[in-house]
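Trainee: Just so you know, the sequences run in chain order A and B.
When we follow full-length UniProt numbering, the leftmost residue of the first sequence carries the number 1, and every step to the right adds one.
When we follow full-length UniProt numbering, the leftmost residue of the second sequence carries the number 1, and every step to the right adds one.
From the three backbone atoms N, C-alpha and C, an ideal C-beta is built for every residue, glycine too.
I am attaching a structure below and will ask some questions about it afterwards.
Protein chains: 2
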Amino acid sequence: MATKERKILVAVDEGEESVYALSWCLKNIVNENSKDTIVLLYVKPPQVVYTALDGSGYLFSPDIIATMDKYRNEVADTVIDKAKKLCKDLQHVETRVEVGDARDVICSAAEKMGVDMVVLGSHGYGLIKRAFLGSVSNHCAQNIKCPVLIVKRPKTCATTSTS
Amino acid sequence: MATKERKILVAVDEGEESVYALSWCLKNIVNENSKDTIVLLYVKPPQVVYTALDGSGYLFSPDIIATMDKYRNEVADTVIDKAKKLCKDLQHVETRVEVGDARDVICSAAEKMGVDMVVLGSHGYGLIKRAFLGSVSNHCAQNIKCPVLIVKRPKTCATTSTS
Chain A
1 MATKERKILV AVDEGEESVY ALSWCLKNIV NENSKDTIVL LYVKPPQVVY TALDGSGYLF
61 SPDIIATMDK YRNEVADTVI DKAKKLCKDL QHVETRVEVG DARDVICSAA EKMGVDMVVL
121 GSHGYGLIKR AFLGSVSNHC AQNIKCPVLI VKRPKTCATT STS
Chain B
1 MATKERKILV AVDEGEESVY ALSWCLKNIV NENSKDTIVL LYVKPPQVVY TALDGSGYLF
61 SPDIIATMDK YRNEVADTVI DKAKKLCKDL QHVETRVEVG DARDVICSAA EKMGVDMVVL
121 GSHGYGLIKR AFLGSVSNHC AQNIKCPVLI VKRPKTCATT STS
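Written as C-alpha cells, this is what we have:
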C-alpha cells in the first residue's frame, strides 16, 4: 500500500452520484492517517448569455443574468461545503471552483496539478448535462494521463424495479 | 480506509498497459495485509474461423487453427503467470481465463462475481484491438455497475518526443 503523499482530484457536482463517488473514494482509496491530499474540484458551467440572432440584444436582461450568477455561486458554495464535510477526518483537503466545460476543466486541472488520480461520478455535470450521460467521465478517462476512477451510484431496488 | 474484504477484478492482457494497471492497483489500492481478493481475468479472443463467402469452406485449414489455438493458450498462460508473479505478496489471488469479446466478458464477470471494483488498462485488448483505442475501457466504464479504475501507462520521454 502506498505510503507516499498522493494528490487525488475528486470532481464534485450537485448530483448524488458525485457525493457517492467521494464517499467511496474516502472509504476505499484514501488512508485517513496518510498524507494524501484530496482536491475537491467544482466546475461551474459558463454563464449563459444568448444574443438574439441579429445581434441586437440579449435574451436575458442584466438582472436575470445577475440572479442566475448568484444562484450559480450559491450552488458552488453548497456543493463544496457538503464535500468538505465528508472529508472532515482528513488532514489535507483543498478546494477549487473553476468555470468552464467540466470535461476540459477537469482534464486541464488534473494535468496542471499533476495529481496521482482523478475520481469522478459516472454522470455528466449538472442537471442539464445529464442528457449526455457519461460524457464527462468518458472524456476524462480518455484524455487524463493519470489513473481515473469512475464511480457509479448503485441503483436502489425501487429504481431498478420500475425500469 | 476499508478494512472489510473486497474483491477486485483486474483485467490483464498481453500489453504493458495492463501490467502497469495491475502494478498501480497493487501499490495504491490493495492493502497487503488486508483480506482483499484480487481476481486476475484474462480474456482470450474468440477463435477466428473465416468461412469463404459462398460457404464452401474455411480460409484456415484445421492444422493452422490448431496451431493458432495452441498459441492463444500459451499467451493466456504467460499473461496469467506474469500477473500472478506481480501479486506474490498477496494472500488471496484468483485467476480466470475466459473466451469472448473482452468488453462483454469483463462486464459479465464483474456482475456475476459481484466484485467491488474493476481495474483495467486504458487500451483495448490484444494487439489487433489497439486500433479501437480505449473502446474496452469506455464500454466497461459505462456498463459495469461497480467503480471502474482506468489506468494509463505514462508515456516515456522517448515516446512523447517522437509524437
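#1: Consult DSSP for I150(B) and reduce its assignment to one of helix, strand or coil.
#2: Contact between the region 62 to 71 of chain A and the region 11 to 26 of chain A: three or more CB pairs below 8 Å?
#3: Quick one: give me the first and last residue of the beta strand (DSSP E) that R96(A) is part of.
#4: Who pairs with Y42(B) in a beta bridge, going by DSSP?
#5: Using a C-beta to C-beta distance shorter than 7 Å, which residues of chain A count as neighbours of K145(B)?
#6: Consult DSSP for V19(B) and reduce its assignment to one of helix, strand or coil.
#7: Could you pull the start and end residues of the alpha helix (DSSP H) that V75(B) belongs to?
#8: Measure the Cβ-Cβ separation of I38(B) and C87(B) and say whether it is below 8 Å.
#9: In terms of residue numbering, what span does the beta strand (DSSP E) encompassing V118(A) cover?
#10: Quick test of your reading: I29(B) and V115(B), contact by CB under 8 Å. State the CB separation rounded to the nearest angstrom.
#11: How many angstroms separate the CA atom of S18(A) from the CA atom of L120(A)?
#12: Let's see if you can read the secondary structure: which residues bound the alpha helix (DSSP H) around D104(A)?
#13: In terms of DSSP beta bridges, what is K145(B) paired with?
#14: Of all the options V79(B), A102(B), S23(B), which has the alpha carbon lying nearest to the alpha carbon of S135(B)?
#15: Could you tell me whether any Cβ in chain A is nearer than 8 Å to the Cβ of S137(B)?
#16: For V19(B) and chain A, any beta-carbon pair shorter than 8 Å?
#17: Could you check the C-alpha separation between K145(B) and P62(A) for me, to the nearest Å?
#18: When you compare the CB positions of R96(A) and L41(A), do they come within less than 8 Å of one another, or not?
#19: Closest to D104(A) by CA distance: which of N143(A), K152(A), C25(A) is it?
#20: Report, in whole angstroms, the separation of the C-beta atoms of E98(B) and A110(B), which I expect to be a contact under 8 Å.
#21: Whose Cβ in chain B lies nearer than 8 Å to the Cβ of A141(A)?
#22: Rounded to the nearest angstrom, what separates W24(B) and K35(A) at their Cα positions?
#23: What does I29(B) reach in chain A if we use C-beta pairs closer than 7 Å?
Mentor: Reading it off the structure:
#1: strand
#2: no
#3: 92 to 99
#4: V12(B), V97(B)
#5: K152, P154
#6: helix
#7: 62 to 86
#8: yes
#9: 117 to 121
#10: With a Cβ gap of about 12 Å, I29(B) and V115(B) do not count as contacting.
#11: 6 Å
#12: 102 to 113
#13: K145(B) pairs with nothing; no bridge assigned.
#14: A102(B)
#15: yes
#16: no
#17: 44 Å
#18: yes
#19: N143(A)
#20: Contact flag wrong, Cβ pair sits at about 12 Å.
#21: S122, G134, S137, N138, A141, I150
#22: 18 Å
#23: I29
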